[in-house]
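Heads up, the thing below is written out as structure tokens.
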Amino acid sequence: MARALAASFLCLTTGTTYAQQPTVTSLLPTRNARSAPRTTDVAATFSQPLSNTAATLGALKVFSQQSGGRKAGTATVSGNTLTFNPTTDFKAGETVYATVTADAQSSSGTAAKPHVFQFTTAVSPSTGTFVNRQEVPVGVQPAELVSGDIDGDGDVDLLTADYSSKTVSVRRNDGTGFFAGNQTLSFTAARSLALGDLDGDGDLDLVVGNYSALNPTAISVSVRFNDGAGNFSGAQTVVAGATDVSLRDIDGDGDLDLLSGASSYSVNTVSVRLNNGAGIFSGTQEVTVNGSPSSLATADVDSDGDLDLLTANPENNTVSIRLNNGLGTFSGTYYVTVAATPLSIDAADIDGDGDLDFITANGNGASPYPVFSRTLSIQLNNGSGTFAPAPDLVVNGYTASVTTADVEGDGDLDLLIAYGNSVALRLNNGTGTFSGTQDVSTSAGPRRVKAIDVDNDGDLDLLTLNSSNDVSVRLNQNATPSTPVQVTAVSPTRNARAAARTTDVAVNFNYALSNTTGTQQALRVFSQQAGGKKPGTAAVSGNTLTFNPNTDFKAGETVFATVRPDVVTSSNFALLMPHVFQFTTATSPSAGRFGAGAEVPVSNPNGNPYSVATGDVDGDGDLDLLAANQGNNTVSVRLNNGSGSFSGNQEVAVGSAPLTLVLGDVDGDGDLDFATANGLSTAANGTISIRLNNGNGTFSAGQEIINGVRFNGYGNGLALNDMDGDGDLDVVTSYPLDQYSATGVTAVRLNNGDGTFSGGAELVTLSPFPRDIAVGDVDNDGDLDILTANAVDVSVRLNSGLATFAGNQQVSVGFGPLDLALGDLDGNGTLDLVTANNNNTLSIRLNTNGIFGGTLNLPLARGPLNLALGDIDGDNDLDIVVVRKESNGAELYLNAGNATFTPGQTAGVGTAPYAVALGDLDNDGTLDLLTANYTAQTVSVRLNKTILANAPAQLTEQVSLYPNPAHGSVRLRLPAELAQQHLQVQLINTLGQTVLTQTLAAQTTPEVILAPLAAGVYSLQLRTNQGVVTKRLVIE
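Residues -19 to -1, 1 to 1017 (mature numbering (1 follows the signal peptide of the UniProt record, and there is no 0)) are what the sequence shown spells out, left to right.
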């Protein structure tokens, strides 16, 4: 089975002795996942490193209920993580159970605590509408229905317990969802049944509950073993209840045990019989519950790694909950009151919060043959096994049973309710609120309903067991759109250079969208300077998904947005691939000059700040500063008072010799965390330190990621971006493979969603000594690519959209590029490249369809170390600022809008500046300057305070409007020096209100569209780098 290994967790252990029992700390897929990939590996990460022994490798048992029983596959150990790669994929929509047994041992030989968990696999998007396929004849008075691939041919067969016939009917699938055959198995009184791999041989065996109210001596459970071809044999009879049966690993030893309902309606117990591993059951445990249990379910309701017991009790209208001690012994007296006469129970994560809720189908008569009613009770778990009621659902008929399944493939669990002569579908909005009125017609009197992929098309079809002695098969319409669902436009436009700071973020598609919670939550917006993953309000209108952030963006910041594949169209087609894009926000016009500012002390003594970043880490609305101190392994945090003055003394410990510092919301909690790339020694592995923000600008320890060798300043590349389009920030870094060959590696470590990282790609670059990286969508295909500055050139690696990379483009730049950045320098909507080179040049390489070309090299005096892009003068294009340690200065290069640069100011800063950052530190709309000064042990702050006044009169006289008076539009006639700039124009009415803002293209006579402005007198203000030009305009 082809799949990328989904987990590769690394853990540092140095001379530590572990006396405690290793415990599971995380799982893959996550516990109770509702839509795990069918190709997924299964992994458990422990609190301690594991021994790579046969016992540990065999400790993870994975059980499919539909195909293959105990799955065959390959196990591996990496650090703290045990991973199992199944030989065959899982079935669509099946619930899989996995056990980590005590055979797993730590590296010190201590046995692990057993752990059992479950997950449900994803299904393909479908219409959620069903067509008749077949009515399959079975025995008389069928009482239960199960499905599974009993003959190993890759499709799901069906079996029914036929009470009056005293048989089990076996009907085999031809692969298209058509069932045939007349095989029957005889039993004393077949009332219930279950499939599971009892003897661990990779096929599905059968247990049948025999129940007879007239003959109590016939009450038992029969066990029949499969020969792999769907032929069953054996004679084992287990003395136990029989009204309902279930096969689960309740004692955590890696085999399936037996739970069965009461021996009669007057007995309030559940029988528990333990498996010896060969399918032989023993034990006498009877778990006391309430009110004559009619249906049972197992679920880890308290998330402690074992399966608890729930029973629906029709006699006293309750659900009993009995907690497992992990060894298969149940206790407790807790029960939950539900509506009258609960007959059927299902446990599932209904509201998507990661724990298991339950739902019951209720009757309102007397046991044992109640009259079925019209209600379903939903009880939501608080995560610890305590339940609270949600509103009951009413169905237009007498409910018989209920199950949960993702019938439309949107990643949540919907309700299917058997009632009357149909199945009611109630669709989940993702949080446990159900709606819809669709009914699917069946044969008479459906008693059980199942959602199974019977035709192997990836969606869930319907099976109902009917009083008419047949099974109805209804196929889900897995329609495929003629054109795949695609993003057709984004707003702000991709790579925009001057988006309004108040902008909404919007995405247009080629189909009308479904206004579901999944679709609304599919658009995630990340600020790198304030708020991290931005909170806000999403709305769907036609083909457009719009996100309105609660707070505005910061001036001049670059914002990244991800559209996850959760987007579903109104026809239930899904977006096949995620889509990521970026834009930069506008700054206020200024002269593009930095004035005096403060020298902010950072970690002493001998901190030697090597990198600097700015962002609002304490959530007070202004940008704070952080400096990575290479000399003493800390990050200094200094808080802004709102006017660009900084104070504080917080020092956060990180790995050895931090070289690069970046900010980003890695755990998705709405604040800015940070990461540092560490390592300067030739002998030690480099690391990446993750430090999580507590929300107030104080930081706690996070993961330490080992990533190759860093030495002599090489391998300090680091970025936090969503590389796989799943809506969280991944780590991208660069380093030499070793200190001898200096082979360059660019690595991606994928975020698990909580700010911990694993797996990902490692790309060997074609040039040695990687120095820095930049991330951006250089081919405009909706994913983020990686550029790496190497000793002699820049490597370009293009993303597939899912964080796998290809390509071999090597871009020639000046000798020894030390730093690089991406931005749309020429205003054509693509990301261009600029590098600061060791041969005292800046290289500009313009992008054409992802290919970089040109030979422009700007000469510098000496020694550029670090650069940044930003609109320094507020003219809607990206300028360059570069620091040189020899000059103790930051040099500006102002853009004319078309990637033509003019040298500007050299701003004096502290001694030996190694790094530069830009941000609006005093909230006046202009970009200010920060530099990390290695020798001075400071961060220099230089404020961009020169807000433009009126332009010189001579320039104003050269600007004219025509026609004036105007009607639908007006043109400006500009002098040559303004015609080369991208200018901002505003119209202000007589009340002083700005009624129109427009950015003009660089041309001699740009046009301003006036409709639908009212007639009247307006002031037209043209913002230039020499000041504001004001003209009077009359609209008729």
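Note that the Cβ used here is the ideal one computed from N, Cα and C, for glycine as well.
According to DSSP, residues forming a beta bridge with residue i
| i | result |
| --- | --- |
| Y874 | I861, P884 |
| D442 | I433 |
| D334 | For D334, which the question treats as bridged, DSSP gives no partner whatsoever. |
| L179 | In the DSSP output, where bridge partners are listed per residue, L179 has none listed. |
| R407 | L396 |
| S715 | T727 |
| Y915 | According to DSSP, Y915 bridges with nothing at all. |
| L673 | S681 |
| P570 | DSSP, once it has assigned bridges, lists no residue as partnering P570. |
| I359 | I340, A371 |
| V452 | V117, L446 |
| F160 | N154 |
| H560 | V544 |
Range covered by the alpha helix (DSSP H) that runs through residue i
| i | result |
| --- | --- |
| A960 | 957 to 960 |
| G499 | 498 to 501 |
| T937 | 934 to 938 |
| L38 | 35 to 38 |
Same chain, Cβ closer than 7 Å to residue i, neighbours up to 5 away in sequence not counted
| i | result |
| --- | --- |
| N945 | V951, L1014, V1015 |
| P546 | A555, L556, L557, M558, P559 |
| N732 | V647, D709, L710, D711, F738 |
| N675 | S681 |
| M(-19) | In this prediction, M(-19) has a pLDDT of 40, which is less than 50 and means its spatial position is unreliable; what the coordinates show is noted afterwards. The residues are T20, P67, T68, T69, D70. |
Residues near residue i by beta carbon distance below 6 Å, same chain, minus five either side
| i | result |
| --- | --- |
| D180 | A259, G260 |
| S32 | Q86, S88 |
| E872 | V863, T887 |
| A347 | Any reading at A347 must be qualified, since the residue scores a pLDDT of 42, below 50, and its modelled position is unreliable; the value itself is stated next. Here the set comprises nothing. |
| D605 | V598, L620, N621 |
| G211 | I131, D132 |
| R865 | G844, P845 |
Residue i - containing beta strand (DSSP E), residue span
| i | result |
| --- | --- |
| G215 | 213 to 219 |
| D125 | The sequence given here places Glu at residue 125; Asp does not occur at that position. Element bounds for E125: 123 to 129. |
| L1001 | 997 to 1005 |
| A293 | 289 to 294 |
| A609 | 605 to 610 |
| A493 | Here A493 belongs to no beta strand (DSSP E), and DSSP marks it neither H nor E. |
| F655 | 654 to 659 |
| Q47 | From DSSP, Q47 is part of no beta strand (DSSP E); its letter is neither H nor E. |
| D800 | 798 to 804 |
| L964 | 964 to 969 |
| H96 | 96 to 101 |
Neighbourhood of residue i by C-beta distance below 8 Å, restricted to the same chain and skipping five residues each side
| i | result |
| --- | --- |
| P840 | N821, T822 |
| G307 | K94, P95, D232, G233, D285, G286, D287 |
| N614 | A634, V635, G636, S637, A638, P639, N659 |
Option in the options with minimal Cα separation from residue i
| i | options | result |
| --- | --- | --- |
| A898 | N931, D860, P933 | D860 |
| T299 | D287, N305, I326, N1006 | I326 |
| V468 | V548, R428, D758, G588 | V548 |
| E988 | A996, L994, Q979 | Q979 |
| G576 | L908, G50, N809 | L908 |
| Y144 | G190, D184, L324 | G190 |
| K514 | L526, G810, T500, N531 | N531 |
The segment 471 to 488 in contact with the segment 617 to 624 per 3-pair CB rule at 8 Å: no
The segment 760 to 773 contacting the segment 699 to 709, beta-carbon criterion three pairs below 8 Å: yes
Cβ pair count under 8 Å reaching 3, the segment 316 to 325 against the segment 351 to 371: yes
The segment 148 to 157 / the segment 420 to 431 touching (three or more Cβ pairs under 8 Å): no
Meets three-Cβ-pair contact criterion under 8 Å: the segment 461 to 481 and the segment 560 to 573: A contact is defined here as three or more CB-CB pairs under 8 Å, and the segment 461 to 481 meets this definition with respect to the segment 560 to 573.
Three or more C-beta pairs below 8 Å linking the segment 790 to 799 and the segment 723 to 735: no
Sufficient close CB pairs (3 or more, under 8 Å) joining the segment 484 to 495 to the segment 626 to 638: Verdict: no, contact absent.
Cβ pair count under 8 Å reaching 3, the segment 914 to 922 against the segment 955 to 970: no
The segment 64 to 75 in contact with the segment 12 to 27 per 3-pair CB rule at 8 Å: Yes, the segment 64 to 75 touches the segment 12 to 27.
Inter-stretch contact (C-beta, 8 Å, three-pair minimum) for the segment 504 to 516 and the segment 572 to 592: Contact fails: fewer than three Cβ-Cβ distances are below 8 Å.
Cβ pair count under 8 Å reaching 3, the segment 96 to 115 against the segment 427 to 440: yes
Stretch pair the segment 373 to 385 + the segment 532 to 544: three plus CB contacts closer than 8 Å: In this structure the segment 373 to 385 does not touch the segment 532 to 544; the number of beta carbon pairs closer than 8 Å is below three.
Any 3 or more C-beta pairs closer than 8 Å across the segment 235 to 245 and the segment 153 to 167: no
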